[in-house]
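Note that the numbering used here has the sequence shown beginning at 10, numbered continuously upward.
We put the CB at the ideal spot given by N, CA and C, even for glycine.
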Amino acid sequence: MKYGERLRELRKDKGLTMDELAEQTGLSQSYISEIERNIKEPKFDKLNLLANYFDVSVDYILGRTNIKSKNTDKITQALEDNPELADFWEQLKKRESMQLLFKQTRNMSDKSIRDVVRFMKSVEDELDRNNY
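As structure tokens, this is what we get:
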């Protein structure tokens with residue numbers, strides 16, 4: 010799903026018109042319309058504003074994940090110094106079944122997040138070695 014479709018879906022789920030969303034976010038109605046029609050790709054500051062408004066991650070708006078949770082951003086930041094775990098995380102966050110993990114990370118330290126993802130990677134590697 011493209012970012013424009015995502016934004017439209019989020020707006021409609023909240024029962025908002027473009028004018029109402031514009032008023033509540035400070036963006037213009039025409040700008041929102043252009044985003045929803047995939048004419049304009051929003052800049053990061055606007056994406057961040059919209060993600061915060063709808064309480065979803067930027068990745069969700071961009072269609073990189075189907076999981077709305079903002080906790081995915083926290084995990085990404087915790088893993089940024091470890092490319093191998095960061096790549097593994099990029100694969101994991103596309104799985105709907107990982108929703109519980111995202112909720113659990115809310116109160117975890119970066120070290121704990123790294124430990125959990127490292128453990129998950131070792132389990133998956135072991136399963137791959139044993140052809141599961």
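Inter-residue Cα distance where the pair is residue i and residue j
{"i": "T85", "j": "W98", "result": "7 Å"}
{"i": "E32", "j": "N57", "result": "17 Å"}
{"i": "S66", "j": "L109", "result": "16 Å"}
{"i": "E93", "j": "K120", "result": "15 Å"}
Residue i and residue j closer than 9 Å at C-beta
{"i": "D64", "j": "K77", "result": "yes"}
{"i": "M117", "j": "G72", "result": "no"}
{"i": "L36", "j": "L59", "result": "yes"}
Candidates the options, of which the one nearest residue i by Cα
{"i": "Y12", "options": "N75, G24, L25", "result": "N75"}
{"i": "N91", "options": "R123, M129, E18", "result": "R123"}
{"i": "F53", "options": "I70, Q100, E18", "result": "I70"}
{"i": "E43", "options": "D22, R17, N61", "result": "R17"}
Counted within 10 angstroms of its Cβ, other Cβ atoms place residue i as buried (16 or more) or exposed
{"i": "R15", "result": "buried"}
{"i": "D68", "result": "buried"}
{"i": "E135", "result": "exposed"}
{"i": "K102", "result": "buried"}
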